[in-house]
Amino acid sequence: MRKYLMFDFYLLFYIIILSLTGILFAYSSNIHIVKLQTAMHNLYIRQIIYFLTGILLMLGISIINYKKIAEHAYILYLISIVILIATLIIGKKVNNAKRWISFGFVSLQTSEFVKIFMIIVIGNYLDKHQEKIKQLKYLLLLFSLVMIPVFLIFMQPDLGTAFVFIPITLVMLFIGGVNIKYFSGILLMGVIAVIIPLLLTYNARITKDETPLLYILSNKNYLYFLISFLFISALIIFLINLSMRNLFLNNVAFFCFIICLGFVAALLIQNILKPYQIERMLSFIDPELDKIDMGYNVTQSKITIGSGGLYGKGLFKGTQGQLGFLPARNTDFIFSVIGEELGFLGSTAVIFIYFLFLARLIKIAKEVKDYLGGIIVSGIITMFVIQIFINIGMTIGLAPITGLPLPFITYGGSTMWTSMIAVGIVLNIESRKYVHKKLPG
Amino acid sequence: MKNSPVSAKQWRPAHNWRYLLKFNIYFYIICVLMLLLAVRLFKLQVLQGSRFKKKALNNKQQIIRRPSYRGEIYIQNNKSYQKIVKNVEGFSLFLLPSNFPQKKEKRQKLISKICSNFSINTNKIKKILQKGRWNPYRSYLLKPFLPFEKVLFLAENLDSFPGLFYQDTPRRVYKNGEVYSHITGYVRQISTRELKKKYHLGYSRNSVIGKLGIEKQYDLNLRGKDGFKTQIVDARNRVKKVIIPEDGKPIPGNDIYLTINKRIQNIVYNMMQRYPGGCIVSRPATGEILALYSYPSYDPNIFIGGLDKEKYTKYTNNKDLPFFNRVTQGEYPPSSTFKIVVSCAGLADDEISFWGDYYYCKGGIQIGPQYFKCEGYHKSLNMCYALAYSCNSYYYHLGIDIGPQKIIKYADYFKFGRLSGIDLPYERKGRVPTLRWKREIHGNFWWDGDTANLSIGQGYLLATMVQLNVMTCAMANGGYAYKPHLLKKITSAGSGKEIFTYRPEISFEIPIEYSKIKKIQLAMRKVVQVGTASKGAKSSLAIAGKTGTAQNIQGQAHAWFTCYAPWHAQNPEDKIAVTVFIEHGGSGGGAAAPFATAILNSIFYKNSVLYNYKKIMQSYTSKAHYYEEWLRKRNQEKLPPEYFKRK
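Right under this line is the structure:
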């Protein structure tokens, strides 16, 4: 019985404070909505219900042993793929994106739950193949394992959530101890694959200058030539090196190959990605580009936060949110409303609580009993860090607008429950850190 | 974990230094990220907070203009004042697209209903609805100044016209607009060019500005100060709250009182209703203008509440240019009336004796290659009779004797070629040709022929009616004249307190002895008694004046008559100076003098029959018959469009 009481109450405390803030601002941002729209008026009541059910869910998850859950990782993987495909088929279409499955009274964003499932799946995989993961074969296998749900989420399309999987995987690999050469190689490939399409679109839309490098990159024939050149040179160096077995030359061949792969990926991304998605990223780089469309959100959000000043306009007195200048004030830009009504003091207080929350998670991660628990906690920490940083960052123009939720504060059932489940797993791991025997339950 | 001593399956992460180091690194990364957010928040909220606060305020605030009431214009009527330009509370019709029905059939029905009830074009409503699709919570002006019955009708049936509403807007009304149009001018929306020039004076894109006449001249006094109110709106432009600040009340403009006399202006208006021309009546003792009229005139009310296009095109197609104020803007050769100035120049330094020096008129003189004609065969004349009979030969001789420099000098004393200073906009200067001017413009040297032309007021010389009237005033006063003016006083609209009262100011003084002026006055009296105006200016009044018949290349001669009466008045305030000009009127004595005399008769004998132009024409002019024919012919033929272009 003792183990169930060994809860980390600090963590619980932070979660409750954050959730109450979320409920308060779900109420505040809709205080002036006309009474005809009752559905919007009662948002905060729904949020309270999500919060209470989330707490129950968290407690329930923390009781089941995490090792037992991890043993059934392949089932979780299958479930996540099935629900993602189901979303693509029977999902509710909102703003040209199919992200929700509707269950009548509540609609769930499936990709949120897949995040948790995938963290467990990756944790289990790394735990099973602790030594083998240093070989390229197992690393690539892991990547292909992750790429399938990421691709399915990307098809919805939900760029933000799909993007979250990359840092989660990388950090889990980093904690799990991966070969640095392969790790950095894959990172380099990713960077090339992302930067080139962005650069080209930016040049085609805005700067329009014809420097030779950009010209070569934008011309597909040149790009094909470049790719084949890199590929052949990598091959030649590799073949020459077969007899010499020089480590340096081997590395050169490897990175040539990686860059070549990066170009291929860039080509693919450029063809697959929809123009508005690239433009979203561009408007992050330079929000003044088009004020009406994408940049409008960033500009209005900055005005909202900035106008709060040091002390804020006072609770329920924000004008930007309540008069409707700020878009998506319940979901993506809830932090702007906090910044407007509570000012610099309030918004930094929220950030400070998040910091304490994350520090607590790190502390738990350091004390875990086994490798599996450590990796899973690191994945969950990364999930939170990315969501917090990108959500707050996008309201103040530090990050692109991706529609990632702010854990515990953003209105919505899926995100609340996902965060609660994640914390439940952490509590689960934490409460078993001193237990050495295999326990029932 | 190559160096890890424990096998992988068993190690406990808490005891592995690499594992702990990785999490320590991760912790510091998190610290940096959170610090980044906090620093950025500090920059946005604390350092740039005031800037963003202003932006947020701009987002939600709209400042709405509340138009001020423009000042009113009064004229004199029997020692009291009467309004000629006033503001009437008008109601304008507005459309709010957001309240318009969405269904197509209902929409069509409502549009046709509005069109039939308020006589509005269907396309106009459709255009507004198209515009309103992007901004449906803004109100659009549908029709300015509804008739009162329509407003009542709308107020009763407001429910059956969703989307329509009315709002009161001050409306300018010009009473008897055609009589006073060249005095009052008119108002219109400010143009972009004017706004660029007058932005610093507090005009905005919506302000109304005087375009002509007194409305333009005293616009700063008349316009008042617009008020404003603040509206709090939401992102869809819906008004949530209206704030009317203390200093947002519109301040009405000042009222302006003119020296124009209603009775005299009406007399002049009735007289001048046939031929293009102008008339100005003033009081020499103060310089105030009692009447000013230029025929044809326009109705300024066509500009109020949307341009009345039908009338406007009628005015712009009129060959006699109704918007052209002939009194201040018309430059014509002053012809024989200028002989007064030449006489002054001759008498001033005792070069010529008024009674004693004779010239012989044999019907003209030969100067170089050209023969300069005289109207008659006057034989031997002195100045008195030369002026009375308007003998050209005498003045050719006189001009050549005293030289052109002296004539120019005296013309300059009389302010010919310079602005008279009348308070109406766009006044023209006229032209006094100088020797240098001729050399520069025409490339020729001045010769005696030019002097001869100048001394009978022809040739290059041009003058306006105001200038000739001021010259007459100077003769009536005995050598000096006041600046002509229309303004009497300015009072504030609310309290009626006088802000400014006009004080007569002397425009010029001629350096000549009073006795010599008196001699010329006598000669001017002789003009009416025995001379050129003896037929045309028959009256029991002692009128003294001078006729002028201005030859020009466009057609018949222009008719001038400038005079004052009574000649012998003891009290200088009784004197009244009248200048009449009739474009292509024939001879001054035949066409213009009867008008001036009739006007003076009507002014001084209040019970006399009010003459109208028909009676005058019947009783006097023999040339009227020809003139009418010529006028009819000219109106039939089509003039090229260049004729109407501004030069």
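Which chain is which? The protein sequence lines are A and B, in order. Quick note on the numbering used here: the first sequence kicks off at 433 and runs consecutively. Quick note on the numbering used here: the second sequence kicks off at 1145 and runs consecutively. Using N, Cα and C, we set each Cβ at its ideal position, and we do this for glycine too. Predicted, not measured: the structure shown is a model, and the values here were computed from it.
For this session: Please compile the residues from chain A whose C-beta is within a distance smaller than 8 Å of the C-beta of residue 1192 (chain B).
Result: 738
For this session: Establish whether the CB of residue 830 (chain A) and some CB of chain B are separated by less than 8 Å.
Result: yes
Exercise. For residue 1721 (chain B), which residues of its own chain have a beta-carbon under 8 Å away from its beta-carbon, when the five flanking residues on both sides are left out?
Worked result: 1425, 1426, 1427, 1428, 1613, 1616, 1617, 1620, 1706, 1707, 1708
For this session: Just the C-alpha distance for residue 764 (chain A) and residue 839 (chain A), rounded to the nearest angstrom, thanks.
Result: 11 Å
For this session: Please check if any C-beta of chain B sits within less than 8 Å of the C-beta of residue 751 (chain A).
Result: yes
Exercise. What's the gap between the Cα of residue 1182 (chain B) and the Cα of residue 579 (chain A)?
Worked result: 34 Å
For this session: For the region 1392-1409 of chain B and the region 1357-1376 of chain B, state whether three or more C-beta atom pairs, one from each stretch, are separated by less than 8 Å.
Result: yes
Exercise. How would you write the range of the alpha helix (DSSP H) that residue 1743 (chain B) sits in, first residue to last?
Worked result: 1737-1748
Exercise. Among residues of its own chain, excluding the 5 on either side of residue 1455 (chain B), which ones have a beta-carbon nearer than 6 Å to its beta-carbon?
Worked result: 1446
For this session: Indicate whether at least one CB of chain B lies closer than 8 Å to the CB of residue 457 (chain A).
Result: no
Exercise. How many angstroms separate the CA atom of residue 1150 (chain B) from the CA atom of residue 849 (chain A)?
Worked result: The pLDDT assigned to residue 1150 (chain B) is 43, lower than 50, so where the model puts this residue is not dependable, and the model offers no usable value.
Exercise. What beta strand (DSSP E) runs, 3 residues minimum, are completely inside the region 1183-1253 of chain B?
Worked result: 1205-1210, 1217-1221, 1224-1239
Problem set entry | Residue ranges of each beta strand (DSSP E) within the region 1360-1384 of chain B, 3 or longer | 1371-1377
Exercise. Which residues in the same chain as residue 1517 (chain B) place their Cβ atom closer than 8 Å to its Cβ, once the five residues preceding and following it in sequence are excluded?
Worked result: 1507, 1508, 1536
For this session: Would you mind telling me which residues of chain B sit closer than 8 Å to residue 779 (chain A), beta carbon to beta carbon, in chain order?
Result: 1185, 1189
Exercise. Interface residues of chain A around residue 1172 (chain B) at Cβ under 9 Å?
Worked result: Those do not exist, as residue 1172 (chain B) stays about 10 Å from chain A at its closest Cβ, beyond 9 Å.
Exercise. What are the boundary residues of the beta strand (DSSP E) that residue 1319 (chain B) is part of?
Worked result: Where residue 1319 (chain B) is concerned, there is no enclosing beta strand (DSSP E), given that its DSSP letter is neither H nor E.
Exercise. Which residues, in chain order, does the region 1197-1217 of chain B contribute to contact with chain A at a C-beta distance below 7 Å?
Worked result: 1197, 1199, 1200, 1203, 1204
Exercise. Hey, is residue 724 (chain A)'s beta-carbon within less than 8 Å of any beta-carbon in chain B?
Worked result: Caution is warranted here: a pLDDT of 45 is assigned to residue 724 (chain A), below 50, making its placement in the model unreliable, and no coordinate value can be reported.
Problem set entry | residue 1405 (chain B) - DSSP class collapsed to helix/strand/coil | strand
Problem set entry | Cβ neighbour criterion (16 or more within 10 Å) applied to residue 1505 (chain B) | buried
For this session: Flag residue 840 (chain A) as yes if its beta-carbon sits less than 8 Å from any beta-carbon of chain B, otherwise no.
Result: no
Problem set entry | Range covered by the alpha helix (DSSP H) that runs through residue 858 (chain A) | 845-863
Problem set entry | Assigned secondary structure, residue 1722 (chain B) (DSSP; H/G/I helix, E/B strand, else coil) | strand
Exercise. Hey, is residue 803 (chain A)'s beta-carbon within less than 8 Å of any beta-carbon in chain B?
Worked result: yes
Problem set entry | Start-end ranges of the alpha helix (DSSP H) lying completely within the region 748-806 of chain A, minimum 4 residues | 751-754, 766-798
Exercise. Closer than 9 Å, Cβ to any Cβ of chain A: which residues of the region 1228-1247 of chain B, in chain order?
Worked result: none
Exercise. Since residue 1634 (chain B) sits in a beta bridge, which residues does DSSP pair it with?
Worked result: B:1400, B:1644
Exercise. Which one of B:1386, B:1449, B:1439 has the shortest CA to CA distance from residue 1332 (chain B)?
Worked result: B:1449
Exercise. In three-state terms, what does DSSP make of residue 444 (chain A)?
Worked result: helix
For this session: Kindly confirm or deny that the region 1187-1202 of chain B and the region 729-745 of chain A touch, where touching means at least three C-beta pairs closer than 8 Å.
Result: yes
For this session: Verify the CB distance criterion: does residue 1796 (chain B) have a CB-CB separation below 8 Å to chain A?
Result: Residue 1796 (chain B) lies beyond the stretch modelled for chain B, which goes from 1145 to 1791, so this question has no answer here.
Exercise. Would a check of beta-carbon distances place residue 554 (chain A) closer than 8 Å to chain B?
Worked result: no
Exercise. For chain B, is any of its Cβ atoms less than 8 Å away from the one on residue 800 (chain A)?
Worked result: yes
Problem set entry | Which of helix, strand or coil DSSP assigns to residue 1522 (chain B) | coil
Problem set entry | Through-space distance from residue 626 (chain A) to residue 458 (chain A), alpha-carbon basis | 35 Å
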